[in-house]
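Enquirer: Submitted below is the structure of interest, expressed as structure tokens.
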Amino acid sequence: MKISLNWLKEYIDLSDLSTNEIVDKLTMSGLEVEDVTDENELYKNFIVAEVKSVSKHPNADKLSVCEVFDGKENLQVICGAPNVAAGQKVVFAPIGTIIPNGNFQIKKAKIRGVESNGMICAEDELLLSDDHSGIMVLNENLPAGRPITEALNLNDVIFEIAVTPNRPDALSHIGVARDLSAIFNRDLRIPEINLKESKHKADEIASVEIIDSVNCPRYSAKIVLNVEVKDSPEWLQNKLTKIGLRPINNVVDVTNFILHEIGQPLHAFDLDLLEGKKIIVKSTNEEKEFVTLDSKLRKLPKGTLMICDAKREVAVAGVMGGENSEINPSTKNILIESAYFNPSSIRRTAKALQLSTDSSYRFERGTDPSITKYAAERAAQLIAEISGGEVAEGIIDVYPKIIERKEIILRYQRVTKILGYEISNGKIHQILSRLGIALKDLDENSLLASVPTFRHDLEREIDLIEEIARVNGYDNIPVVPKISITLERKIDQQKFEDEVRNIISSLGFYEMINNPLESEWEAKLTGNPISLANPQSVEMSCLRTSLLAGGLNSVKRNLNFGVRNMMLFEIGNVFNKKSDSSINTFEDISEKQNLILILSGKEEEKSWLDQEKYFDFYSLKGFVNAFIQKISLDNQLTDLYYSSENELYNYHWTKNFNNVVVGIGGKVKKEVLNKFDINQDVFVFEFNLTALKQITPEAKKYFEPPKYPKVIRDFAFIFDKYVQYLDVKNFILKKASKLLKSVELFDIFESESLGRDKKSMAFTLEYYDESRTLTEDEVEKDFNYLISEILKEFNAKLRG
Amino acid sequence: MLDEIINQIQKEFEKDIQDADSLKKLEEIRIKYLARNGSVTLLFDKLKEASKEEKPLLGKKLNELRNSVTEKFNSKKELLEKSETSSKEFIDLTLPGKTVKLGSKHILTQTLEEIKQIFKSMGFSVFEGPELESDYYNFEALNFPADHPARDMQDTFFINQKFLLRTHTSPVQIRVMESMQPPVRAIMPGRVYRNEAINARSYCTFQQVEGLYVDTDVTFAELKGTLVSFAKQFYGSSLKYRFRPSFFPFTEPSAEMDITCFICNGKGCRICKNSGWLEILGCGMVDPNVFKYVNYDSEKYVGYAFGMGIERIALLKYGINDIRLFFENDLRFLKQF
Ligand SMILES: [Zn+2]
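Protein sequence lines correspond, in order, to chains A and B.
Residue numbers for the first sequence follow the working numbering, beginning at 1 and rising by one.
Residue numbers for the second sequence follow the working numbering, beginning at 1 and rising by one.
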């Protein structure tokens, strides 16, 4: 919202305050000033100049060489505008001036070989409008050399204020002035009504009927007869342009002026276009089409509050008038609507029409039901003054149920309790009174506040405490230097995920954060996706069902960036619908936290130390098992291997707890990778962290290192190619004596010499006993027994 | 006579040691002079035969001889050892070492951890809640009435009429208060979603940390104290700050905390929109209406709450100019932190 300082000063004396003081206090009491345009600063070097002569530029067709008189001397200036002519008074930017549009400085320059000593300006260069069709031509009576801040009244300061949704009362100049009156403790001056009314009685000319009094609690109307619709006087046009509004005509301009003066939106109807000279306020009971005054056909949903005449709709209440009754050059008699509408009704309409106007913006936040009469009268008075019309006597004011001021008890001690410091009773009285709140002392501990109807946000004691706190300044609230802490155990629900992040990153993985919103096809790869009702785009229409698609997209991006080797991980929530029926309760949704590990490219780059090596399934397995060991779940989880392919993987593997899968991963299939434009192998593993978190890790226990020597034996066998390592290992452990403590594979290979479809596997066996030194004999016996059992079981051959 | 022998041995040794050019030759010298049957050792046996008068002087001379021989022997040995190793076992220590994979946590995670750590040290617990929330927890119980413009402050992704993606972590406040009685002192970090256009300054999702403290004697002054302490620990103790009135439906009074723009030191720049201030968090005293929803007695209990966005903090702190970089996962970016 734009606020003009000069305009503001009509309601409060701010003459002794600097702009900075005003800006600072407004911001620090809740009306945040986001931007300040000080015209005196912006236009400080520009002056009125006279064009003495114009001649063609010798080297450029579209440029002119002008002789310009700046009040002291003649200067040669190059100008590109088609409308420049001798005798004009123009806005001149001397050398050194900073042009507001683009923020550049005018320097002495040679343009196509001819010297130029300044610039003649167009309106857009001064940010006065978007017009760049030609230079600005001024009133010929203005003397050359006069600063334009004086000549063009560019001596205002414009504030851009961000008003929070709870403060509709501040959406006007008087509203802002009221806050300033409380901040600086000085009087607020509200213009008095001084009506000269004719003998025609308003209620004999027109009538108003409210049918939907819930959504329209009050409707006031004032009638002005015999107006002449024309351009507004300069003072009014000037006020509106300063705050960024385009002047239209004297009637509409007055309604806009009142809106920005006191915050009451008004609408002016051409009275003669109202059938039966009647206003009926009602909600539609069916869908309707309606042309608003911006000439657009609007579809109105059922239940839209409308202003109608005896026959038809003439305005969308509180949002925009209709084309069929708008003020036009031949309008003679007008009806000024000044109403109070139910905020949520207007909000629903504005949302449905996707139309936010200055009026709807204020109505949906809540205007002042008590101000409608004043606003209509003030508008009528101004319109009569500047359009030559006469104001009909009296006002039509339908207000079936008066909205009363709210009464709130405030306890002084409660102010101290909430804020943590004491504000004197006198100061409290002063602040609240200046905000327009009527006060009555109840006893020495409390007061009764009667809240004006423009403060919808003040309903409870706490709301008054906020007013006191903000006007007195949050800076005055002390900063306590210490706090007290209870000695109860503190809970950290993120402890596990923090630990997981530490472990995975220290294994060499880099953490990703991917967008949880993805396309339907991506989300469908791994689950039953939940889709958004109002997505931004098809690419972001579903919640991810796993971290896979996000991770693969990051792999693709890295490949595009030329990064080919990656170890990536992510921890994030994933979402699935539990069934295909619609979502009615949290029971229908599964939201879990997952962890994904991704390996792609080379594990080792070729270097003088290492051979190059690509990530493979066993790299993945190593990292996954290291992680599981680190979180002490290695004895709780079991592995299942699937060497045949499924929808996502060529081969995969699961980690299970009590027969429930808590992790899955493997080599991602080419068909899947192709969808992500990935042309190298990718190995992934994804854990359900929510499930892992609930598994109690095995308690750590100390085992004494063996005191007696180990006995180590090796053997190697030639097996059939399809014999699996784990089967052999488990067989050995099953058959061996208790003295065998570990079996490790140390070599595996296939070669022609072994025979077709054969392979060799070699194992190291470690024997020891915690309580004694083993004898060679007992080890030898077990070892030989194992050899014979393996030969039998696997039809293997012992290698020499 | 012994005197003469001493001089002779001394001379002979000097020559031998001079000629010794390998550790092997040096070992021969050790055996010849210093070993059990070496000539210097044997001289000491001869000392026993010397007369009482001669003994002290000869003893002194012998000791001098042994010391000088040992010293010269040792320094030659040191010299030879150095040169022999360097010629036999040449090692180029300037070769690059083994590449160790480092890995790292995302810069947003690191930023969040730093924030968590500060609040945990002030006695805050850490709680979580779902990202897919109900309208009740995200809006209604936080005092956002239906059809109220306050809902426009947060562009929302809806699942349907009843469910949505949470727009802030504040619903976790409600869940925590529903689950326990005061005192409650907790922070609630998590991901939130806003239906905002994706560009350099805004993204459709980001992380927040919410804080809540409810007890019988909580004041705005304590809220200020806690947040000033946080900001000084996080941004540096010399920081300047201000609390500015604002509006959030679930707090009353509400405030925003600004700190001096550390890019321009408060002079005004593009980042701080020429104000010299950077907004870092929103806060306020818990609105009594919120207590109604969780059945806390608002006469007895007072609370404060605050919330901040992690992305914004990290953008400012590390001078990152495009929020989308956080979500691209370009390893060239990730490896910088
Ligand atoms: Zn700055």
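From the three backbone atoms N, C-alpha and C, an ideal C-beta is built for every residue, glycine too.
1) Can you give the beta carbon distance from residue 278 (chain B) to residue 316 (chain B), rounded, assuming they're within the 8 Å contact cut?
2) Check the Cβ of residue 436 (chain A) against every Cβ in chain B and list those closer than 7 Å, keeping chain order.
3) Along the chain, where does the alpha helix (DSSP H) containing residue 653 (chain A) start, and where does it finish?
4) In chain order, which beta strand (DSSP E) runs of at least 3 residues are fully inside the stretch 580–606 of chain A?
5) Can you look up residue 216 (chain B) in the DSSP assignment and give me helix, strand or coil?
6) If you reduce the DSSP assignment to three classes, tell me which class residue 397 (chain A) lands in.
7) Which residues, in order along the stretch 114–132 of chain B, keep a beta-carbon less than 8 Å from a beta-carbon of chain A?
8) Taking residue 9 (chain B) as the query, report the chain A residues whose CB atoms sit under 7 Å from its CB, ordered along the chain.
9) Count the CB pairs spanning the stretch 589–609 of chain A and the stretch 91–103 of chain B that are closer than 8 Å, and state whether there are at least three.
10) How should residue 122 (chain A) be labelled, buried or exposed, when 16 other C-beta atoms within 10 angstroms of its C-beta is the threshold for buried?
11) Since residue 98 (chain A) sits in a beta bridge, which residues does DSSP pair it with?
12) Need the endpoints of the beta strand (DSSP E) that residue 11 (chain A) sits in, please.
13) Kindly list, in the order they appear in chain A, the residues whose Cβ is closer than 9 Å to that of residue 322 (chain B).
14) Indicate whether at least one CB of chain B lies closer than 8 Å to the CB of residue 626 (chain A).
15) Under 8 Å, Cβ to Cβ, is there at least one residue of chain A near residue 243 (chain B)?
16) Is it right to say residue 193 (chain A) is buried, meaning 16 or more other beta carbons lie within 10 angstroms of its own, or is it exposed?
17) Taking the CB atoms as reference points, tell me whether residue 118 (chain A) and residue 143 (chain A) lie closer together than 8 Å.
18) Hey, quick one: how far does the alpha helix (DSSP H) through residue 525 (chain A) stretch, first residue to last?
19) List, in chain order, every chain A residue whose beta-carbon is nearer than 8 Å to that of residue 171 (chain B).
20) For residue 403 (chain A), is the beta carbon positioned less than 7 Å from some heavy atom of ligand 1?
21) Looking only at DSSP bridge pairs, what is residue 642 (chain A) linked to?
22) Determine the closest residue to residue 539 (chain A) out of A:553, A:518, A:474, A:523, with distance taken between C-alpha atoms.
23) Out of B:234, B:251, B:247, point me to the one whose CA is closest to residue 259 (chain B)'s CA.
24) In its own chain, which residues sit with a C-beta less than 7 Å from the C-beta of residue 246 (chain B), not counting the 5 before and 5 after it?
25) Are the C-beta of residue 285 (chain A) and some C-beta of chain B separated by less than 8 Å?
26) Can you pull the chain B residues whose beta carbon is under 8 Å from the beta carbon of residue 486 (chain A), in chain order?
27) Name the residues in the stretch 146–177 of chain A whose C-beta lies less than 8 Å from a C-beta of chain B; which are they?
28) Using a Cβ cut-off of 8 Å (strictly closer), state whether residue 334 (chain B) contacts chain A.
29) Would you check whether ligand 1 has a heavy atom nearer than 7 Å to the C-beta of residue 121 (chain A)?
30) What residue range does the beta strand (DSSP E) around residue 198 (chain A) cover?
31) Within the chosen definition, does the stretch 630–642 of chain A reach the stretch 586–596 of chain A through at least 3 CB pairs nearer than 8 Å?
32) In the structure shown, what three-state DSSP assignment does residue 608 (chain A) receive?
33) Could you tell me whether the stretch 752–766 of chain A touches the stretch 711–725 of chain A, using the rule of 3 or more Cβ pairs below 8 Å?
34) Any beta carbon of chain A sitting closer than 8 Å to that of residue 307 (chain B)?
35) Is it right to say residue 171 (chain A) is buried, meaning 16 or more other beta carbons lie within 10 angstroms of its own, or is it exposed?
36) Please state if the CB of residue 573 (chain A) and the CB of residue 514 (chain A) are separated by a distance shorter than 8 Å.
Expert: Reading off the structure:
1) Counting from 1 along the second sequence, the entry for residue 278 (chain B) is found at position 278. Counting from 1 along the second sequence, the entry for residue 316 (chain B) is found at position 316. Correct: roughly 6 Å between the Cβ atoms.
2) Counting from 1 along the first sequence, the entry for residue 436 (chain A) is found at position 436. Neighbours of residue 436 (chain A) on chain B: none; closest Cβ ~18 Å, over 7 Å.
3) For the purposes of this step, residue 653 (chain A) is taken as residue 653 along the first sequence, with counting starting at 1. No alpha helix (DSSP H) contains residue 653 (chain A), which is instead part of the beta strand (DSSP E) from 649–657.
4) 589–600, 602–604
5) Sequence index remark: in the second sequence, residue 216 (chain B) carries index 216 (1-based). Residue 216 (chain B): coil per DSSP, three-state reduction.
6) If you number the first sequence from 1, residue 397 (chain A) lands on position 397. In this structure, residue 397 (chain A) counts as strand in the three-state DSSP scheme.
7) 116, 120, 122, 123, 124, 125, 126, 127, 128, 130, 131, 132
8) Taking the second sequence and counting its residues from 1, one reaches residue 9 (chain B) at position 9. The contacting residues do not exist; residue 9 (chain B) stays about 53 Å from chain A at best.
9) yes
10) Taking the first residue of the first sequence as 1, we reach residue 122 (chain A) at position 122. Buried, by the Cβ-count rule.
11) Here residue 98 (chain A) refers to the residue found at position 98 when the first sequence is read from its first residue. Beta-bridge pairing links residue 98 (chain A) to A:105.
12) Here residue 11 (chain A) refers to the residue found at position 11 of the first sequence. Element bounds for residue 11 (chain A): n/a, residue is neither H nor E.
13) Within the second sequence, numbered from 1, the residue matching residue 322 (chain B) stands at position 322. By Cβ distance, chain A contributes nothing, its closest Cβ being about 14 Å from residue 322 (chain B), past 9 Å.
14) To locate residue 626 (chain A), count along the first sequence from 1; it is residue 626. Not an interface residue.
15) Here residue 243 (chain B) refers to the residue found at position 243 of the second sequence. Taking Cβ atoms only, chain A reaches closer than 8 Å to residue 243 (chain B), which makes this a yes.
16) As a working mapping, residue 193 (chain A) is identified with position 193 in the first sequence. With fewer than 16 Cβ atoms within 10 Å of its Cβ, residue 193 (chain A) is classed as exposed.
17) For this step, residue 118 (chain A) is matched to residue 118 along the first sequence. For this step, residue 143 (chain A) is matched to residue 143 along the first sequence. Not in contact: residue 118 (chain A) and residue 143 (chain A) (Cβ atoms no closer than 8 Å).
18) Within the first sequence, residue 525 (chain A) is the residue found at index 525, counting from 1. Segment 520–526, the alpha helix (DSSP H) holding residue 525 (chain A).
19) Residue numbering aside, residue 171 (chain B) sits at position 171 when the second sequence is read from its first letter. Going along chain A, no residue has its Cβ under 8 Å from residue 171 (chain B), so there is no contact; the nearest lies around 12 Å.
20) Here residue 403 (chain A) refers to the residue found at position 403 when the first sequence is read from its first residue. No, the Cβ of residue 403 (chain A) stays beyond 7 Å of every heavy atom of ligand 1.
21) As a first step, residue 642 (chain A) must be located in the first sequence, where it is residue number 642. The partner list for residue 642 (chain A) (beta bridge, DSSP) reads A:652.
22) Locating residue 539 (chain A) in the first sequence gives position 539, where the first residue counts as 1. When only C-alpha atoms are compared, the closest one is A:518.
23) Residue numbering aside, residue 259 (chain B) sits at position 259 when the second sequence is read from its first letter. Cα-wise, what sits closest to residue 259 (chain B) is B:234.
24) Your numbering for residue 246 (chain B) matches position 246 in the second sequence. Result list for residue 246 (chain B): 254, 255, 256, 282, in chain order.
25) Mapped onto the first sequence, residue 285 (chain A) falls at position 285. For residue 285 (chain A), the answer is no, since every Cβ of chain B falls outside 8 Å of its Cβ.
26) Taking the first residue of the first sequence as position 1, residue 486 (chain A) is located at position 486. Within chain B, the residues near residue 486 (chain A) are 123, 183, 185.
27) 164, 165, 166, 167
28) As a first step, residue 334 (chain B) is located in the second sequence; it is residue number 334 there, counting from the start. Residue 334 (chain B) counts as touching chain A.
29) The count along the first sequence starts at 1 and reaches residue 121 (chain A) at position 121. Not under cutoff, so the answer is no.
30) Counted from its first residue, the first sequence places residue 198 (chain A) at position 198. First-last of the beta strand (DSSP E) with residue 198 (chain A): 197–201.
31) no
32) Here residue 608 (chain A) refers to the residue found at position 608 when the first sequence is read from its first residue. Coil at residue 608 (chain A), not helix or strand.
33) yes
34) As a working mapping, residue 307 (chain B) is identified with position 307 in the second sequence. No, its Cβ sits nowhere closer than 8 Å to a Cβ of chain A.
35) The count along the first sequence starts at 1 and reaches residue 171 (chain A) at position 171. Buried, because 16 or more other Cβ atoms sit within 10 Å of the Cβ of residue 171 (chain A).
36) The residue given as residue 514 (chain A) occupies position 514 in the first sequence. The residue given as residue 573 (chain A) occupies position 573 in the first sequence. For residue 514 (chain A) and residue 573 (chain A), no; Cβs fall outside 8 Å.
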